[in-house]
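For the sequence shown, our numbering begins at 1389 and goes up steadily by one.
Even for Gly, the Cβ is constructed at its ideal location relative to N, Cα and C.
Okay, structure first, notes after.
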Amino acid sequence: MSMNNSPNIFLEPSPNRFQVNVINESHDNNATPQEDADPPHYEETSFTEEAHGRHRISHRPGNRAFYENFLQNGDTVKSDGNLHPYDTHSNTYYLKTFGHNTVDAVPNIDYYRNTGSISGAKMNRPSLLEIHEQLAKNIAVNPGSIERVTNGDGTPGDEATANKEEEGKGGFVKFGWVKGVLVRCMLNIWGVMLFIRLSWIVGQAGIGLGIMAIMLSVVVTTLTGISMSAICTNGVVRGGGAYYLISRSLGPEFGGSIGLIFAFANAVAVAMYVVGFAETVVELLKSSGALMVDEFNDIRIIGSITVVVLLGISMAGMEWEAKAQVILLVILLIAIANFFIGTVIPTSNEKKARGFFNYQASIFAENFGPDFRGEGFFSVFAIFFPAATGILAGANISGDLEDPQAAIPKGTMLAILITTVAYLGVAICVAACVVRDATGNINDTVVSGMNCNGSSACTLGYDFSSCKAQECHYGLMNNFQVMSMVSGFGPLITAGIFSATLSSALASLVSAPKVFQALCKDNIYKALHFFAKGHGKNNEPLRGYILTFIIAMAFILIGWRPAFKYYNMWVSLFGAMLCCGVMFVINWWAALITYAIELFLYIYVTYKKPEVNWGSSAQALYYVNALDSALELTAVEDHVKNFRPQCIVLTGGPMTRPALLDITHSFTKNNGLCICCQVYTGPRKLCVNEMNSGMAKKQAWLTKNKRKAFYAAVAADSFRDGVKSLLQASGLGRMRPNTLVLGFKTDWRDASAVQIENYMGVIHDAFDFELGVVIVRISQGFDISQVLQVQEELEKLEQERLALEATIQDNEFEEESHGIRGLFDKARKLNITKHVTKKDSSINTIQSMHVGEFNQRLLEASNQFKKKQGKGTIDVWWLFDDGGLTLLIPYILTMRKKWKDCKLRIFTGGKINRIEDEKLAMTSLLSKFRIKYADIKIIGNINMKPNKESWKFFEEMIEPYRLHESCKDLTTAEKLKRETPWKITDAELEAFKEKSYRQVRLNELLQEHSRAANLIVLSLPVARKGVVSDHLYMAWLEILSKNLPPILLVRGNHKNVLTFYS
């Protein structure tokens, strides 16, 4: 055997994990005679090697055909002296993982990217078909992609390429949470309400109820902000703001309808804010006698000019728009500060006549309570509430934020806090300085001897009592320009009003096109796709800007004014409320009592779920709704965010393997499908009769034990055929199984070759049908049918004994004759003795079989997943990227009540000299998935040879199943192969020696790191169909999971079940 390491045969070492390199799979038939002299052997490689060697494979004369076939179908490679990047006629390329040549890939963030990602190129992991089937030349890498695959960049799609080119133009403008979210939200929440109507609101409601109105609004916006934050942090957020968040959470039906209306409302809001600005300007022109035409047309002229200017700022780019917003915020802050400064500047007689007296305790006390005049609390609240609703301003430009997941929650919630403090501060200060009514006449002073009747203005020297008889124009209740009067410099308040209106108009002018563009990109309304196109480095929606401009201009020119004239809250509920109204008219308290009793009884019956079947209309409605929902679901395309583990569990009767059902139910309950399956084999008629008679009983057992699962059974010629039928036909529409769960066959060493073939065939069939596979092993095994049988016999004996005693007692009352009583006593003794003898005999039989203690342990093991798991760990050995199922299942378990005290520990392979880098990469991936973990461990010595004792144990385990054909002559060897084709040949064992080493070594590592874990979840190795023999694969599974805590061997179907996108 010769083995060389030739440098520079492979490509340069990959910066990615596990030394992933492209390998040539072609076979050179012109092997040298020296190479033919030795049996095949493979050099062990490790993560520490920086240069990769060249594998030379030698053949013995008798086995060349096998190895030529194996080179095309197995995991072993021979390379010639040169690696050509691509050759479709003679070469196939695949990756090198764990130091062995295989297409099985390690976990990598690039497998979970979307096609259009600009943060990294999407890679496509090898499919389950490529890993499971015999290797062929159809697994070739596309031309020109070798370098990208080698470097972990993958093959980007067209959209990704376009994004990269666009990004290459330079200058993407991305905003942080301050400029992108905080500034915009503060500007939108601080509207004209702050400067014009807040004083009137606190005058009407008083300080107490005014604060309550503000806080009630804040509660609503805070809860909305929290909900929005939850959606934002549910995955990567792209452009589209509120529309994107709603559509990705509630679906295109809600998102499309709300998004279109939301975009239109923002466009109309531009006109509203601009009209508000224009009206303020026209008021100034009117006061100075400088109107251009008339009041109405001047609003149109100024409004049109303003919209044109705002459009120019918006189309200049987000950078200019952001600068304008910052300037407007500075003006707004100066205006607010100007107000607070004005409250402490000594007032003048003119301002006193208008009701401003600086801070006075008497004014504060007088204004603390409400003084509603034609209004009520809720009408005042309704006027203030819109001022607090500008919290979407930052979210609406989500596509222009550097990190929207972090920026939107932080900026929005902080903006709510700051603006709330400002609103409360202004409300309290203005109510502590200004009285409700004032005449404005400096001569309305107090006459000596006048009774003030508790009026604060009177105690301060002014008589405003005339305001009770006639309308006054000053004070909190009458003057909307109170803040200008109180401020240190009045024109700054006007500037603040301009800033508030213009900033809101500018924000709406930017938001509407961006939301509309995202809506059009999704092509929900195909006629609007024209507006999806973006321009420039920031993909600006110029077409959307023009459309928004046209809508805003139209509403300005037609003289639009927002008004609310009609309101009737009972129209839609009239029919339903009519009968209820009649009840209350007749006797209101009796109606209330009736409804309370009816509600109590309804809740009670709903909770108790009585076991009756009356064929009610409610049952028919349940069926129709379920059927309609299932049909509607078939029209919905699968999406990774909606993935649910939908499992076929090979429990047999669900009561016979409760632990297998319990662990599966732990991660399917309330969010996935669970079907307990049983296969009946034997004479068809007997099987069908037994199956039909037990169907209802077993489903009832599931219901009684609160297992949200279905029971299904089939009659078949063999176990494998039955499972194959279940895998193909189970489920309904979209509610079809995607994962097979089965227990490890602990008795495989005593089983027949046919049984092993059936068991392995089930696993192969599941992979062929592209289902994930979960193999579960616990130390005592799952099958408790023997225990159930003994319990059933004992229960029958107990029932017979109780029945006999009851009969004797009844007869003792009826028969007073001593003889008859003695006869029954004798009979009782004889029967009880007889049954006790049977019972003792049964128990003695069990004890003689040494299974009494075993049964007790088996019962305890069967209940272990019903109990609450104590504090500990779930150790996840995520060695190969299967789409994320190996990670998803333990994550779901940690969300369950019984497993919530268990923390995740993540183990994966890596290079010894890159441990920290590998750990950072895995940390980044898990953080994007928002999966909490206690620790990440990178194992750098997976490829070390196992110790001699472990390897010796493995060799002894497989010894009975080896063919040993190399020790026999050719004729005898061929005869043995025909007679026992299932045995492990020497050639196969040698070919997969490195893989066998790996399984034995992994068990050593599991013993070292995870012996104390509550549960282990480990990547399931895949056996190539037709290449790896059944007994060798069973030996791998045995050695992997031996002497360990409960272990789940998991392999997904290599389609993403995790995503970090919204």
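Alpha carbon of residue i to alpha carbon of residue j, nearest angstrom
{"i": "G2169", "j": "A2375", "result": "33 Å"}
{"i": "K2316", "j": "G2271", "result": "15 Å"}
{"i": "S2250", "j": "R2165", "result": "12 Å"}
{"i": "K2307", "j": "R2386", "result": "22 Å"}
{"i": "C2290", "j": "L2276", "result": "15 Å"}
{"i": "D1475", "j": "Q2395", "result": "Only weak support is given to the placement of D1475: the predicted model assigns it a pLDDT of 34, under 50, and the value that follows is read from those uncertain coordinates. Answer to the nearest angstrom: the Cα atoms are 44 Å apart."}
{"i": "S1637", "j": "A1794", "result": "18 Å"}
{"i": "A2411", "j": "R2095", "result": "33 Å"}
{"i": "S1843", "j": "L1648", "result": "54 Å"}
{"i": "I2144", "j": "K2256", "result": "35 Å"}
{"i": "G1924", "j": "V1669", "result": "35 Å"}
{"i": "L1805", "j": "V1768", "result": "22 Å"}
{"i": "V1625", "j": "G1568", "result": "14 Å"}
Span of the alpha helix (DSSP H), counted from its first residue to its last, around residue i
{"i": "W2339", "result": "2336-2346"}
{"i": "G1613", "result": "1586-1620"}
{"i": "D2305", "result": "2303-2317"}
{"i": "I1729", "result": "1706-1732"}
{"i": "D2050", "result": "2046-2056"}
C-beta contact flag for residue i and residue j at 8 Å
{"i": "L2281", "j": "F2055", "result": "yes"}
{"i": "A1820", "j": "F1752", "result": "yes"}
{"i": "L1633", "j": "F2155", "result": "no"}
{"i": "N1755", "j": "G1629", "result": "no"}
{"i": "A1651", "j": "F1918", "result": "no"}
{"i": "L2420", "j": "I2346", "result": "yes"}
{"i": "V1656", "j": "F1943", "result": "yes"}
{"i": "C2064", "j": "Y2099", "result": "yes"}
{"i": "F1728", "j": "S1605", "result": "no"}
{"i": "L1586", "j": "I1722", "result": "no"}
Own chain, CB closer than 6 Å to residue i, minus 5 neighbours either side, in chain order
{"i": "K2254", "result": "D2050"}
{"i": "V2076", "result": "A2103"}
{"i": "N1576", "result": "G1778, A1781, S1892, A1895"}
{"i": "G2060", "result": "R2032, P2033, Q2034"}
{"i": "R2293", "result": "T2261, D2263, A2322, D2323"}
{"i": "S2429", "result": "R2165, I2435"}
{"i": "M2422", "result": "W2136"}
{"i": "A1845", "result": "V1823, F1852"}
{"i": "A1419", "result": "Caution is warranted here: a pLDDT of 37 is assigned to A1419, below 50, making its placement in the model unreliable, and the coordinate value is therefore given only provisionally. Nothing meets the Cβ criterion."}
Integer Cβ distance of residue i from residue j, believed to fall under 8 Å
{"i": "L2454", "j": "Q1748", "result": "Absent from the structure is residue 2454, since the part of the chain shown begins at 1389 and ends at 2450."}
{"i": "W1588", "j": "L1864", "result": "6 Å"}
{"i": "A1900", "j": "K1909", "result": "A1900 to K1909, Cβ: 15 Å. No contact."}
{"i": "I1599", "j": "A1815", "result": "7 Å"}
{"i": "V2388", "j": "S2312", "result": "Not really, about 32 Å apart at Cβ, beyond 8 Å."}
{"i": "Y1850", "j": "D1832", "result": "6 Å"}
{"i": "W2266", "j": "P1495", "result": "6 Å"}
Same chain, Cβ closer than 7 Å to residue i, five either side skipped, listed in chain order
{"i": "T1339", "result": "This structure cannot settle anything about residue 1339, because the visible part of the chain is limited to 1389 through 2450."}
{"i": "V1580", "result": "G1664, I1885, A1888, T1889"}
{"i": "L2408", "result": "V2161, I2163, L2437, V2438, R2439"}
{"i": "E1790", "result": "K1562, F1563, G1564"}
{"i": "T2447", "result": "Y1500, G1623, V2028, K2029"}
{"i": "F1744", "result": "T1735, C1821, V1822, M1873, V1874"}
{"i": "V1898", "result": "S1702, E1709, I1785"}
{"i": "H2238", "result": "Any reading at H2238 needs caution, since the residue's pLDDT is 47, under 50, leaving its predicted position unreliable; the model's value is listed next. No residues qualify anywhere along the chain."}
Beta-carbon contacts of residue i that lie in its chain and below 8 Å, excluding the five residues immediately before and after
{"i": "R2399", "result": "L2432, P2433"}
{"i": "A1810", "result": "W1578, L1582, I1724"}
{"i": "L2021", "result": "G2121, R2122, M2123"}
Terminal residues of the beta strand (DSSP E) in which residue i lies
{"i": "V2405", "result": "2403-2407"}
{"i": "C2035", "result": "2035-2037"}
{"i": "D2263", "result": "2260-2265"}
{"i": "D2323", "result": "2323-2327"}
{"i": "Q2066", "result": "2062-2069"}
{"i": "A2100", "result": "2098-2104"}
Any non-hydrogen atom of the ligand SAH within 7 Å of residue i CB
{"i": "R2284", "result": "No copy of the ligand SAH occurs in the structure displayed, which carries no ligand at all."}
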